[in-house]
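Colleague: Below you will find the structure I want to go over with you.
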Amino acid sequence: MASAGEPGQGGPPEAHEDNPDDVSDADSDLELLQGEISTYDQSVRNFLASHHNDGASFQPTRGGPRGRGARGPRKAAKPRGDITARLSKVNQAFLGGDYSRALDLAFEVIRINAETHQAWTAVASIFREQGEMDRALAAMVYAAHLRPKDLAGWMNCASFALDTVTDDEAGNLHTARLCFSAAIRADPTNIDARLGKAAVCHSQGHLSAAISEYNMVLRRRPQDLDLVRKLAEACVDNKHAETALPSAIAAYRRYFDIARANTAEYASEALWHDIGIYVELHASTGCFRDATHELKALSRWLVGRAPEAYWDEWQADDREWDNDHDRRLLCPNFVENAFPVELYGYALPLELRVRLAIYRLRLGDEAEAFHHLSWLESTDQHTIDFIADFSFLAYDLASELMRCGQPSFAIPYFEKLRRLPGDPDPAVLLQLGRCYLATGEQSTAEEYFLASIEADEEIIDARIELANLYERTREDEEALILAAEAMALREAHDGPPNDPTRHAAAAISPAMQPLYLTQRTQAIKKKREPRSKPSDGQPKSVIPRRYRPKRLAGADKRQQDEQARAGKLAEQYRIVRNLKQQINDGNKDLVEEWMTSSRELVDEFRSLKKFYSWDKYLRFLGRRVTLEQQDPNRPESELTQMYERLSRSLAPRGDLIREGQSSVLDHHQGISFDSWLDLFLDYAIGLALNNRRDEAYQICEAARDSTVFQSPKYEFPIYVAWSVCAIYTSDEEKCVTIGRHLMRDGGVSDSYRMFALLSYLCQSPVSWYTSGPAQKYILRQIKAVDSSHPETVMRGTSGEHERRLDVCLLMLYGHILFTSTSYTHALGYFLRARSLDPGNSMVNLSLGLAYVHYGLKRQSTNRQYLLLQGQAFLTQYAEGSRLEGGTVSSVEAYYNIARLFQLLGIGFLAHEYYTRATEEIEKGGGDDNIKNDIATNQIISLLSSRNRYAALLLMKQRMKL
């Protein structure tokens with residue numbers, strides 16, 4: 001109740017937005033507030049009903065919203081005498097600490113007149129003392145809207161909402177914004193209200209509304225530097241920065257005009273920071289000459305050389321900031337001893353000099369840029385400290401040098417960035433690779449590209465660069481894999497390969513550099529802190545990790561890497577086996593560690609192209625869109641063209657090579673394929689036990705698709721493990737699918753039993769077991785067998801054809817029809833099964849039950865005949881069970897027949913067969929569970945026949961046992 005409406009709606013009523021496209025910030029908070037007064041009225045009813053269950057008696061008196069034509073709120077009437085008396089009692093109870101009584105008395109006043117401002121104020125105070133901040137805020141807001149011209153009331157509500165931000169941060173921020181808007185309506189000249197609203201809008205991300213409020217306040221307080229900084233931050237963060245930045249530039253210009261007119265009051269060392277912000281705002285709009293001019297002019301003023309305004313006309317170079325007078329003496333207006341030499345070169349902060357160098361590079365004046373860079377010696381400690389403190393600025397400088405075709409000068413800066421503490425920055429590694437590639441050092445470039453991918457599993461640019469490099473060096477297979485990965489990432493993120501949102505550091509252009517260098521330095525340092533390793537349950541990337549050997553390194557280096565990799569895998573496999581042994585011994589705490597170690601080995605195997613065909617391997621990489629499925633009207637990028645070119649020329653030949661190798665291999669890295677398969681299946685079942693169905697299925701698919709697991713001895717355990725995963729995750733559809741696959745490839749009795757078993761074990765309804773597709777699939781199998789002997793079928797004889805039919809196939813289809821209550825159709829297949837195996841007890845039991853259930857249907861035409869047929873088959877079932885031997889078979893048969901007679905309502909026959917089953921158990925011993933079932937059913941049967949005395953005796957007898 002603390003807020004009404006959804007966050008993100010509402011905007012300033014006092015000023016239009018700078019950007020008309022930003023709809024979320026262009027609405028009117030005034031209209032929203034007026035519209036929600038009625039919502040607060042309903043909230044009051046609910047609020048009262050939650051305490052006294054009589055909130056329906058409340059009717060607000062003239063409290064509804066009024067149109068724009070209203071003259072204003074009516075003046076509140078003076079409280080009646082009884083209201084005043086009750087309010088006095090509320091105050092007394094509140095001061096005495098009796099909050100419950102004070103609340104009841106306040107509710108009494110509200111029921112009489114819900115527009116009593118003092119009552120709502122008292123309710124808010126009581127809830128605040130009781131710690132119910134949401135209710136207190138709701139009461140305060142309702143009290144405030146009863147006095148809409150009370151500025152202090154709205155400001156108090158807004159402050160309270162901001163002070164009590166807890167779990168519902170968005171709701172409290174929205175309420176505070178509405179309150180600030182109401183306060184602005186009460187007093188449009190109140191600056192605190194506008195600043196409060198601007199801060200809330202900034203926090204909500206409604207930057208256009210915040211900018212509008214900042215600009216409105218700055219018209220009256222242009223000298224407020226903190227406010228100018230906030231405006232600049234909002235403008236830079238705005239998604240339409242190009243339209244918002246001019247207002248920030250204008251605000252800084254007004255401030256610096258005031259500051260230069262009052263130098264003694266405003267000049268301070270802290271302004272160096274703001275000069276950097278100001279010139280970056282110019283640079284962000286592409287005005288590098290303006291940025292250079294403003295940087296030099298403001299720096300000159302701040303160091304105390306404002307009288308040398310003639311330098312404003314000298315923009316061809318930056319000799320004004322040389323460390324000596326050699327070039328300055330060539331300027332006709334320069335007076336050598338007018339100011340100390342210390343106020344020239346060394347007075348300019350190094351970060352601003354670096355900015356000048358970047359701007360000069362942008363303007364094409366490389367000579368002047370390198371003149372500035374001479375202040376940065378690669379071996380000096382102050383340069384190293386500067387790069388550590390201004391990492392993003394150093395990155396910009398090195399990137400600009402790279403863009404200008406000076407990679408050898410950019411490499412030292414990138415190398416120093418790479419050596420900063422913390423995790424390696426993938427953008428820096430990528431740029432280093434590009435630099436070394438431009439200088440012709442392909443092997444070194446490959447190392448940095450690979451390191452960039454290792455640092456950021458989803459980086460696209462590094463993959464593209466590496467794919468192009470491999471294509472030029474005839475490493476086409478790896479080039480195609482990298483191109484497929486890059487395209488999969490692009491599709492997953494739905495953006496171009498150079499999408500600026502992909503990498504924070506790489507995306508920052510020199511024109512859009514950080515405004516607050518200290519904050520951005522902290523941000524990059526935070527980014528470099530060691531990242532916590534995600535749990536095995538969290539997918540870390542669209543593209544799975546894989547081992548990427550160095551293709552361009554020397555033979556000795558490659559051999560060393562392969563040996564080290566083999567040793568690492570062997571050690572990892574030993575760890576996995578030891579962990580599994582300890583888990584089998586009962587140490588379940590090691591399961592998570594075992595899962596993590598197993599995943600590394602499984603991913604290693606899946607990442608090897610030689611174990612998969614091209615289409616399966618590209619699917620593993622996430623490349624699921626084929627060339628034929630692509631939109632023909634979509635323009636092809638260079639990456640797409642390379643992918644098509646490589647896939648056409650390489651994929652068929654690669655598969656042929658794979659087929660030749662698969663028959664020779666029987667192990668990988670010293671681990672047999674049998675052990676690899678066990679690892680795959682154990683890991684998949686472990687994922688299923690953790691309810692990670694999709695990942696478990698992916699592992700099973702990877703094992704099924706591998707070229708080394710294509711023999712029948714591997715296929716069956718793969719599908720069995722797959723079915724176990726489906727059972728653990730209650731996926732009846734997958735259970736039926738796997739069962740159908742086993743029937744298709746197996747075609748033996750066990751495969752049909754497997755289908756029924758999987759459908760039984762899966763804890764779900766029988767809908768998939770009896771579904772139309774399952775019925776059609778099995779019927780097609782029966783028809784296929786029938787059609788293979790057309791002459792026998794035409795003669796209408798059984799003979800050899802019937803003997804070829806599998807009884808389990810007929811019984812399975814019959815049971816599916818039986819379960820779906822199609823008894824007449826089920827009987828046909830049961831009778832066909834009986835013709836193949838007349839003495840089979842299961843067939844006779846199924847026939848008997850089918851006839852009985854058919855007879856119990858309302859549509860049956862000859863009920864007595866069907867029931868007698870069922871009893872006849874059940875009698876044969878009982879005789880067959882007795883002849884087949886074993887006390888257990890006889891007990892089950894008698895129990896089943898007794899259950900049938902109990903179903904038919906023939907209690908004395910049911911009791912007789914229950915007695916026979918009990919006698920058989922006493923002769924040869926039996927399961928206690930079936931004893932209990934027999935006794936329970938006998939008691940129910942006796943009770944249903946009103947033989948309560950016999951039921952009581954039997955119950956006492958069982959209780960004694």
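Each residue of the sequence shown is one higher than the one before, counting from 1 in the UniProt record's numbering.
Idealized CB from N, CA, C, for every residue including glycine.
(1) Helix, strand or coil for A950, going by three-state DSSP, please let me know.
(2) As a quick exercise: from S723, Q572 and D476, pick the residue whose alpha carbon is nearest that of S649.
(3) Among all the DSSP beta bridges, which residues are the ones paired with S637?
(4) How should F908 be labelled, buried or exposed, when 16 other C-beta atoms within 10 angstroms of its C-beta is the threshold for buried?
(5) Quick test of your reading: A124 and A114, contact by CB under 8 Å. State the CB separation rounded to the nearest angstrom.
(6) To the nearest angstrom, how far is the alpha carbon of A70 from that of A143?
(7) So which of S841, H202 and S860 has the shortest CA-CA distance to residue 975?
(8) Leaving aside the five residues before and after E604 along the sequence, list all residues of the same chain whose C-beta is less than 7 Å from its C-beta, in chain order.
(9) Relative to the C-alpha of E715, which residue among A726, C725, Y728 and C700 is closest?
(10) Identify which residue in G205, E377, I738 and D666 has its Cα closest to the Cα of V236.
(11) Using 8 Å for Cβ pairs, my map puts I112 next to I83. What's the rounded Cβ distance?
(12) Name the residue from C762, S889 and T821 whose alpha carbon lies nearest to the alpha carbon of R858.
(13) Should E446 go down as buried or exposed, given a rule of 16 or more other Cβ atoms within 10 Å for buried?
(14) Tell me which same chain residues have a C-beta within less than 6 Å of the C-beta of L162, skipping the five on either side of it?
(15) According to DSSP, is S889 part of a helix, a strand, or is it coil?
(16) According to DSSP, simplified to helix, strand and coil, what is H202?
(17) Rounded to whole angstroms, what's the CA-CA distance from P510 to E695? Just pull it up for me.
(18) If you drop the 5 nearest sequence neighbours on each side, which residues of the same chain put their C-beta closer than 7 Å to that of H667?
(19) Just to confirm the assignment, what range does the alpha helix (DSSP H) spanning K568 have?
(20) Okay, do the stretch 328–339 and the stretch 247–267 touch, 3+ Cβ pairs below 8 Å being the bar?
(21) Buried or exposed, going by whether 16 or more other CB atoms sit within 10 Å of the CB of G196?
(22) Work out the CA separation of S890 and E919 for me, nearest whole Å.
(23) Since A910 contacts Y895 with CB under 8 Å, what's their CB separation in whole angstroms?
(24) Taking the alpha helix (DSSP H) that N468 falls in, what are its first and last residues?
(25) Compute the beta-carbon to beta-carbon distance between A784 and C725, rounded to the nearest angstrom, for a pair I have assumed lies under 8 Å.
(26) So, with DSSP's three-state summary, where would you put I685?
(27) Should T439 be labelled buried (16 or more other beta-carbon atoms within 10 Å of its own) or exposed?
(28) Alpha helix (DSSP H) containing H282: first to last residue?
(29) Check H382 in the structure and name its three-state DSSP category.
(30) Does the beta-carbon of G739 have 16 or more other beta-carbons within 10 angstroms, so that it is buried, or is it exposed?
(31) Tell me which residue opens and which closes the alpha helix (DSSP H) that A702 is part of.
(32) Check whether the Cβ atoms of I816 and A878 lie closer than 8 Å to each other.
(33) So, for residue 972: in the same chain, excluding its five sequence neighbours on each side, which residues have a beta-carbon less than 6 Å away from its beta-carbon?
(34) Determine the DSSP secondary structure at H372, reduced to helix, strand or coil.
(35) Between which two residues does the alpha helix (DSSP H) holding V708 run?
(36) Where does H382 land, buried or exposed, given buried means 16+ other C-beta within 10 angstroms?
Modeller: Based on what the coordinates show:
(1) Here residue 950 corresponds to residue number 950 of the sequence shown, with the count starting at 1. A950 falls in the helix class under three-state DSSP.
(2) Taking the first residue of the sequence shown as position 1, residue 649 is located at position 649. Cα-wise, what sits closest to S649 is D476.
(3) For the purposes of this step, residue 637 is taken as the residue at position 637 of the sequence shown. Beta-bridge pairing links S637 to no other residue.
(4) As a first step, residue 908 is located in the sequence shown; it is residue number 908 there, counting from the start. By the 10 Å Cβ count, F908 comes out exposed.
(5) Here residue 124 corresponds to residue number 124 of the sequence shown, with the count starting at 1. Here residue 114 corresponds to residue number 114 of the sequence shown, with the count starting at 1. Between A114 and A124 the Cβ distance is about 14 Å, and since that is not below 8 Å, they are no contact.
(6) Here the question's residue 70 lines up with position 70 in the sequence shown. Here the question's residue 143 lines up with position 143 in the sequence shown. With a pLDDT of 43 at A70, under the threshold of 50, the predicted position of this residue should be treated as unreliable, though the coordinate-derived value follows. Those two C-alpha atoms are separated by around 20 Å.
(7) One cannot answer for residue 975 here, as it falls past the ends of the chain, which runs 1 to 961.
(8) Residue 604 sits at position 604 when you count from the first residue of the sequence shown. Result list for E604: Y547 and L569, in chain order.
(9) On the sequence shown, position 715 is the one that residue 715 refers to. Taking only the C-alpha atoms, the option nearest E715 is C700.
(10) Taking the first residue of the sequence shown as position 1, residue 236 is located at position 236. Closest by alpha carbon: G205.
(11) By 1-based counting over the sequence shown, the position of residue 112 is 112. By 1-based counting over the sequence shown, the position of residue 83 is 83. The pair is a contact, with the Cβ atoms about 6 Å apart (cut-off 8 Å).
(12) By 1-based counting over the sequence shown, the position of residue 858 is 858. Considering only alpha carbons, the answer is T821.
(13) Within the sequence shown, the letter at position 446 stands for residue 446. Counting Cβ neighbours within 10 Å, E446 comes out buried, since at least 16 surround it.
(14) As a first step, residue 162 must be located in the sequence shown, where it is residue number 162. Excluding residues within five positions, the ones whose Cβ falls inside 6 Å are A176.
(15) Stepping through the sequence shown from its first residue, residue 889 is reached at position 889. Helix at S889.
(16) Counting from 1 along the sequence shown, the entry for residue 202 is found at position 202. In this structure, H202 counts as helix in the three-state DSSP scheme.
(17) Taking the sequence shown and counting its residues from 1, one reaches residue 510 at position 510. Taking the sequence shown and counting its residues from 1, one reaches residue 695 at position 695. The pLDDT assigned to P510 is 33, lower than 50, so where the model puts this residue is not dependable; a value taken from the coordinates is nonetheless given after this. Using only the alpha carbons, I get a separation of about 42 Å.
(18) As a working mapping, residue 667 is identified with position 667 in the sequence shown. Hits under 7 Å: F673.
(19) On the sequence shown, residue 568 is found 568 positions in, with the first residue counted as 1. A555 to N584 is the extent of the alpha helix (DSSP H) around K568.
(20) no
(21) Residue mapping note: residue 196 aligns to position 196 of the sequence shown, counting from 1. When all chains shown are included, G196 counts as buried.
(22) Within the sequence shown, numbered from 1, the residue matching residue 919 stands at position 919. Within the sequence shown, numbered from 1, the residue matching residue 890 stands at position 890. E919 and S890: Cα-Cα distance of roughly 10 Å.
(23) For the purposes of this step, residue 910 is identified with residue 910 of the sequence shown, where counting begins at 1. For the purposes of this step, residue 895 is identified with residue 895 of the sequence shown, where counting begins at 1. Incorrect: roughly 10 Å between the Cβ atoms, too far for contact.
(24) Your numbering for residue 468 matches position 468 in the sequence shown. First-last of the alpha helix (DSSP H) with N468: D461 to R472.
(25) To locate residue 784, count along the sequence shown from 1; it is residue 784. To locate residue 725, count along the sequence shown from 1; it is residue 725. Actually they do not touch by this definition, with Cβ atoms about 30 Å apart.
(26) The sequence position of residue 685 within the sequence shown is 685, counting from 1. Helix.
(27) By 1-based counting over the sequence shown, the position of residue 439 is 439. With fewer than 16 other Cβ atoms within 10 Å, it is exposed.
(28) Looking up residue 282 in the sequence shown gives position 282. Counting along the chain, the alpha helix (DSSP H) containing H282 begins and ends at L271 to S284.
(29) As a position in the sequence shown, residue 382 is number 382, starting the count at 1. In the structure shown, H382 sits in a helix (DSSP, three-state: H, G or I).
(30) By 1-based counting over the sequence shown, the position of residue 739 is 739. By the neighbour-count rule (16 or more Cβ atoms within 10 Å), G739 is buried.
(31) Locating residue 702 in the sequence shown gives position 702, counting from the first residue. Counting along the chain, the alpha helix (DSSP H) containing A702 begins and ends at R693 to D705.
(32) Here the question's residue 816 lines up with position 816 in the sequence shown. Here the question's residue 878 lines up with position 878 in the sequence shown. No, the pair does not count as a contact, with Cβ atoms beyond the cut-off.
(33) In the structure as shown, the chain begins at 1 and stops at 961. Residue 972 is therefore absent and cannot be evaluated.
(34) Here residue 372 refers to the residue found at position 372 when the sequence shown is read from its first residue. Correct three-state label for H372: helix.
(35) Here residue 708 refers to the residue found at position 708 when the sequence shown is read from its first residue. No alpha helix (DSSP H) contains V708, which DSSP labels as neither H nor E.
(36) Along the sequence shown, read from residue 1 onward, the residue named residue 382 stands at position 382. The residue in question, H382, is exposed, as its Cβ has fewer than 16 Cβ neighbours within 10 Å.
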